[in-house]
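*Asks:* FYI, the numbering for the sequence shown is 5 to 126, going by my numbering.
We put the beta carbon where it would ideally sit given N, CA and C, even for glycine.
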Amino acid sequence: MKILIVDDSSTMRRIIGNVVMQLGYTKEDFNEAEDGVKAWKLLEESNYDIILTDWNMPNMNGLELVKKVRSEGNHQKTPIIMITTEGGKNEVITALKAGVNNYIVKPFNAEVLKEKLDGVLK
Numbered sequence: 005m006k007i008l009i010v011d012d013s014s015t016m017r018r019i020i021g022n023v024v025m026q027l028g029y030t031k032e033d034f035n036e037a038e039d040g041v042k043a044w045k046l047l048e049e050s051n052y053d054i055i056l057t058d059w060n061m062p063n064m065n066g067l068e069l070v071k072k073v074r075s076e077g078n079h080q081k082t083p084i085i086m087i088t089t090e091g092g093k094n095e096v097i098t099a100l101k102a103g104v105n106n107y108i109v110k111p112f113n114a115e116v117l118k119e120k121l122d123g124v125l126k
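1) With DSSP as the reference, label V104 as helix, strand or coil.
2) Tell me the start and end of each unbroken alpha helix (DSSP H) in the region 59-112 that is at least 4 residues and wholly inside, in chain order.
3) Grouping DSSP H, G and I as helix and E and B as strand, with all else coil, what is L56?
4) With a cut-off of 8 Å, do at least 3 Cβ pairs link the region 103-111 to the region 82-92?
5) Check the C-beta distance from I54 over to I7 and give it rounded, since I have them as a contact under 8 Å.
6) With L8 as the anchor, note down where its beta strand (DSSP E) starts and where it stops.
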């Protein structure tokens, strides 16, 4: 299983990585990017089974990344979970319309992430 974690906060990437490891994955199972531009470069170089992305990031935000993934390249069917502080109904609808498979509002716990991962990977 190969997971791409995209968040401009190194602390948040570490937290998500730790949760992913609590779920039984290893450090080798995931890569990290601090914005959509770097994430896109990683996506062009390798295949991923799932993308976990923040919304608010510099250079290319999470919504722009989702739209790019869904419209070009080899990852159009890759499940995407957005993990963000944007918890409003309009934001959730916007993200789902853009192609996000699931949505988690920060702060969250390991159980919520596990549930969402299980949901998109089955």
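*Replies:* Quick look at the numbers:
1) Position 100 of the sequence shown holds residue 104. Here V104 sits in coil by DSSP.
2) 66-75, 93-102
3) For the purposes of this step, residue 56 is identified with residue 52 of the sequence shown, where counting begins at 1. Strand.
4) yes
5) As a first step, residue 54 is located in the sequence shown; it is residue number 50 there, counting from the start. As a first step, residue 7 is located in the sequence shown; it is residue number 3 there, counting from the start. Rounded, the Cβ-Cβ distance is 5 Å, consistent with contact.
6) For the purposes of this step, residue 8 is taken as residue 4 along the sequence shown, with counting starting at 1. Residues 7-10.
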